[in-house]
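This report refers to the structure that appears directly beneath it.
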Amino acid sequence: MEPILSRNFNVKDAWTLPVAESRGAYQTARKVLTSMKPEDVTAAVVASNLRGLGGAGFPTGKKWQFLPKDSPKPVYLVVNADEGEPGTFKDRYILERDPHQLIEGILISAFAIKSRKAYVYVRGEYAEPYRRLQSALDEAAAKNYLGKNIFGTGFNLEIVAHRGAGAYICGEETALLNSLEGGKGYPRLKPPFPAVVGLFGCPTIINNVETLACVPPILKNGAGWFAGLGSPGNGGTRLFSVSGHVKKPGVYELPMGTPLREIIYAHAGGLRGGRALKAVIPGGISAKILTANEIDVKMDYDSLKAAGTMLGSAGVIVMDDTASIVKALYYAAKFFAHESCGQCSPCREGTGWAYKIVRRIYRGEGSLKDLDTLLALAKNMEGRTICVFADAAAWPIQSYITKFRKEFEEHINNKHEARISKFETISKF
Amino acid sequence: MANITIDGKPYAVKDGITVIQAIDEAKIDLPRYCYHPGLSIAGNCRICQVEVEKLPRSVIACNTRVAEGMVIHTKSPKARESQQAVLEFLLANHPLDCPVCDQAGECKLQDYYMEVGLYDPKFDDRKVKKTKKAFPIGPTIMLDQERCILCSRCVRFGDEITRTHDFGIFNRGDRSEIDVCPGKELDNKYSGNVADICPVGALTDRDFRFKMRVWYLGSQKSVCPGCSRGCNIEIHYEKSRPYHLKKERVMRLKPRENQAVNRWWICDAGRYGYKSIDHGRLVEGPLVGAQMNRAGTRPAPTWTSVLENLAGIFKKADPAAWAVFASPRHTNEELYLVKRIFLDHLKWGQVAFHAPGQEGDEDDFLIRKDKNPNSTGASRILRLGKPDEDITPILEKARRGGLEGLLVFGHDLAGIAGPQTLETVRQKVKTLVFEGPNDNPTAAVADIVLPAASYAEKEGTFTNFEGRVQRIRKAFEPVSGSLATWDWLLNLSGLLGMSLKHRGPEDIFEALAGENEFFKGLNYKKIGDQGCLLNS
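Protein chains in written order, with the working numbering: chain A, 61 to 489; chain B, 128 to 663.
Following this line, the structure appears as structure tokens:
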């Protein structure tokens, strides 16, 4: 397969403008801005079946169409580059290795939604990607790919790169807006949705980095071509971040719907040392875990949903038979307890509470009753909050315990990791 | 209009309102913490979840709009389960220190636990410790971070109502803490309201703290006499344990909702202005030859003898040589009796009520600069809408020796015109009569002192600055030796040979409404709990 998103990843200095231009950067944008109408661009994106690649999988073109037609307020385009989902590192590759593809995507998309100002909210820890992006923005502005009267069309666009301060929740789009506005990273109550009341109270479209990077190829090669790459309703290719106990961890660009088994064994080289597969998390830490027998599933939104989990950010975390599911849940629970914004009571109290119980179990101080308490907590957290963070925190608990209950019970009965955990610092956050 | 069903009963409600508004209109109980009708919707406590048929999961009532044909269940197993789950989360890290918590008895955690909780607690771990417990965050409010359920009502109150931005929620997850912003104190003119809206014991009123358990409190609806706004209040008083607090009866004032006047709020000056009801009162009964009497050299005369004495003086008085300083702190009923007796019957022309230079602070929210609750009533009743003359010309006349007698209702002449003037008036006026609930320098030098009941000890009505007539009600009996002004004025009228046959304030008001065009058609029933506007 011809790489689309990752075609410049291994080209030396592709993040600099001269190299990017030699690879065709901004050609599509020039064609679009000079010859197309915004409505046609949106129509092409709709037809391409491009879906939000940040994790939720909402059809991108449909999202753009939610913008009010007659609002007197300015429209903002916000790029979600707050890639924080554990197990996910695809946006970082785009920001670091091919930022001009993203900028071109922003340019075309801003033209489509008639936005004159775009913000890129970059994860705080992404220092180098941010520097690469900023330098690419400067280069593009110097060549008038950004700024006033782009390509002589009268279209103006300013792009601001903004660094987050290190909160996972700011990847949630409305928390991101609050953070961008200078407020606390609390997700907003919906409705109203950002397309109507978003950044600074104005209509706002929030798209993921990878999503926008798909836009130039769609306009270049046609919506039908893009839609044809994936499985029905799931257009295009996808950057899979494969990590864990595989021989070749990394980012793999593959068509939507590639079977999980193929990703692990054909592309990532199989498990290290030829060990047996134990479990896979298919879509970042929030996704429900799959056991070794469940990996014959196509990696697209609809197939994974049918399999009881989700594609999410396509962060594939592979665990072999040396992995402890108890420990995995311990780290997941700790992560969610640490990152809950604390706004809604079920999530604020539930994540902390669940972490305390899992920690107890992990240290060999748990009881069998704790497993049922955890499941009850997860059930009570799920679907009861402003954003899906609580759901994301509940799903690992539910899936790890239901699918690996035996291992938990053994751990509790044998208390065999108790002595290890004595030396583990339990951080007090 | 949208036709909806709540708990099996049909309701027609306005389009576009939220489900919780519809539920409140239907007077159905539904737990809520973060929702307050006077504040923006936060949707963070998650306890107001209801089941809406055809929706996959329960939704929060505060941020869901009604739609035609919506079928809502507030008490179905699904709804109750959601509410119970949220409550269990809220109580997980709550210290459960009810025995030493001042909120106990009016705490929504307690209330809802009894309504929707009653679960077997699952929490078996250490609770999160927070730093500030019993921590004063300003002159009026005490903070307890552990009890806080982070509903953000106080944050929104500071952001939206007072716009002083006092509070913030700091840190995140279960380490979240409510606090005043760094370097700030909660010190604004409406700070006490945060204790009212705090549904738990996190923000308590330093003035009321530990004075009395709330279940020992009696409650009476009234109106704040602190300024001409006339904020609706409840007087919370001790009703059964007089030994408890050295005969103090009023424990606190709470605002009472009235959308036309004060919405849900009250200023701090009003809230803490109740002290004069139990302190500094004239309590020994009427005094004659005040100074000597106070030294205890003479037995106190009875009301009957004093009133007979007064009636005798008034009957013989030259109408041109006597004047009355009526009080804009008196009720409409009392002012009406003043008019009937002194203007109509005794034909004294010199009756004024407005004391100049007594204005206080004012803002664009509730606080009015006229610190009297009934200036409008006084003006409409004594002057019938004619421009108000203040008391200055009469006082000047008294100072120059032009008056033989002066009847002062409540005013302190030293405060109005200075101690020098009071001294001169005292020397020039032969008979100085003072009437009022509290002691002041004028009372100290008066020949006859009549102790009056305070506003908490009598029935009546005040007319606020915009002409809204509102009822005050008697919470308890007048302190011993004092009488409600209307009460002794009625007695006096009898002694003066008038035939006023009123049985009490309601009767007096009826007579007032019968003869005064502004009050025409009004009565206590119409005024009700929320007041009624005067005829313009």
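Each residue gets a CB set at the ideal place from its N, CA and C atoms; glycine is no exception. Quantities reported herein were computed from a predicted structural model and do not represent experimental measurements.
Q) What separation, rounded to the nearest whole angstrom, lies between the Cα atoms of B/Tyr-162 and B/Cys-175? A) 8 Å
Q: Using the Cα positions of B/Lys-466 and B/Lys-498, report the straight-line distance between them to the nearest angstrom.
A: When rounded, the distance between both Cα atoms is 22 Å.
**Q.** Interface positions of the region 128-150 of chain B facing chain A (Cβ-Cβ less than 9 Å), listed along the chain
**A.** none
Q: Please classify A/Asp-360: is it buried, with 16 or more other beta-carbons within 10 angstroms of its beta-carbon, or exposed?
A: buried
Q.
Less than 8 Å between the C-beta atoms of B/Trp-613 and B/Thr-458, yes or no?
A. yes
Q | CB of A/Gly-245 within 8 Å of CB of A/Cys-401, strictly | A | yes
(Q) For chain B, check one thing: does any of its Cβ atoms lie closer than 8 Å to the Cβ of A/Ile-472? (A) no
(Q) Residues of chain A with CB closer than 8 Å to the CB of B/Leu-330, please, in chain order. (A) Simply none; closest approach about 18 Å.
Q: If I'm right that A/Glu-145 touches A/Ser-346 with Cβ under 8 Å, what's the distance once you round it to whole angstroms?
A: 7 Å
Q | DSSP three-state assignment for A/His-222, whether helix, strand or coil | A | In the structure shown, the three-state DSSP call for A/His-222 is strand.
Q. From B/Lys-181, B/Ala-149, B/Arg-159 and B/Thr-331, pick the residue whose C-alpha is nearest to that of B/Asp-238; which is it?
A. B/Arg-159
Q: Could you pull the start and end residues of the beta strand (DSSP E) that A/Ser-303 belongs to?
A: 297-304 is the span of the beta strand (DSSP E), which, as asked, contains A/Ser-303.
**Q.** At least 3 beta-carbon pairs within less than 8 Å: the region 106-124 of chain A vs the region 174-184 of chain A
**A.** no
(Q) Can you tell me whether A/Lys-187 is buried or exposed? The criterion is at least 16 other CB atoms within 10 Å of its CB, across all chains shown. (A) First, the residue type needs correcting, since residue 187 of chain A is Ala and not Lys in the sequence shown. Counting Cβ neighbours within 10 Å, A/Ala-187 comes out exposed, since fewer than 16 surround it.
Q) With distances taken between CB atoms, is the gap from B/Thr-145 to B/Asn-190 smaller than 8 Å? A) yes
Q. In chain order, which continuous runs of the beta strand (DSSP E) of length 3 or greater are located wholly inside the region 492-558 of chain B?
A. 532-536
Q) Are the Cβ atoms of A/Asn-140 and A/Val-269 separated by less than 8 Å? A) yes
Q: Tell me, please, which residues DSSP counts as bridged to B/Pro-113.
A: Outside the displayed span of chain B (128 to 663) sits residue 113 of chain B, for which this structure offers no information.
Q) Hey, does B/Gln-230 have any beta-carbon neighbour from chain A nearer than 8 Å? A) no
Q: Grab me the residues of A/Glu-233's own chain with a C-beta within less than 7 Å of its C-beta, minus the 5 sequence neighbours each way, in chain order.
A: Asn-140, Pro-254 and Ile-266
Q | Reduced DSSP category for B/Glu-562 - H, G, I as helix; E, B as strand; rest coil | A | strand
Q.
Restricting to Cα atoms, I'd like to know which of B/Ser-209, B/Leu-434, B/Pro-568 and B/Thr-331 is closest to B/Val-227.
A. Per the Cα distances, B/Thr-331.
Q: Taking all protein chains shown into account, decide if B/Val-321 is buried (16 or more other Cβ within 10 angstroms of its Cβ) or exposed.
A: buried
Q) In or out: A/Glu-156 buried (at least 16 other Cβ within 10 Å) or exposed? A) buried
Q) Between A/Leu-193, A/Pro-251, A/Leu-320 and A/Trp-413, which lies nearest to A/Arg-223 when the distance is taken from Cα to Cα? A) A/Leu-193
Q: Output yes if chain A places a C-beta closer than 8 Å to the C-beta of B/Arg-184; else output no.
A: yes
Q | Cα-Cα separation, A/Arg-183 to A/Ile-229 | A | Rounded to whole angstroms, A/Arg-183 to A/Ile-229 spans 11 Å at the Cα level.
Q.
Comparing C-alpha positions only, which one of A/Lys-308, A/Val-101 and A/Ala-367 sits nearest to A/Ile-166?
A. A/Val-101
**Q.** Top-ranked residue by Cα proximity to B/Lys-653, from B/Asn-643, B/Glu-642, B/Glu-637 and B/Ser-663
**A.** Closest by alpha carbon: B/Glu-637.
Q | Local conformation of B/Met-664 per DSSP, three classes | A | Lying before the first or after the last residue shown, residue 664 of chain B is absent from chain B, which here runs from 128 to 663.
Q. Under a Cβ-count criterion, where at least 16 other Cβ atoms within 10 Å of its own Cβ denotes burial, should B/Trp-342 be classed as buried or exposed?
A. exposed
Q.
Check whether the region 169-184 of chain B and the region 197-215 of chain B are in contact - that is, three or more C-beta pairs closer than 8 Å.
A. yes
Q.
Counting only beta-carbon separations shorter than 8 Å, does A/Asn-440 have a partner in chain B?
A. Closer than 8 Å to some Cβ of chain B, the Cβ of A/Asn-440 qualifies, so yes.
Q.
If I measure Cβ to Cβ from B/Glu-287 and keep anything under 7 Å in the same chain, skipping five residues before and after, which residues do I get?
A. Leu-166 and Ser-167
Q. Is DSSP giving A/Val-106 helix, strand or coil here?
A. A/Val-106 falls in the helix class under three-state DSSP.
**Q.** chain B contact residues for A/Pro-406, given Cβ-Cβ distances below 8 Å
**A.** Arg-173, Ala-212, Val-213 and Phe-216
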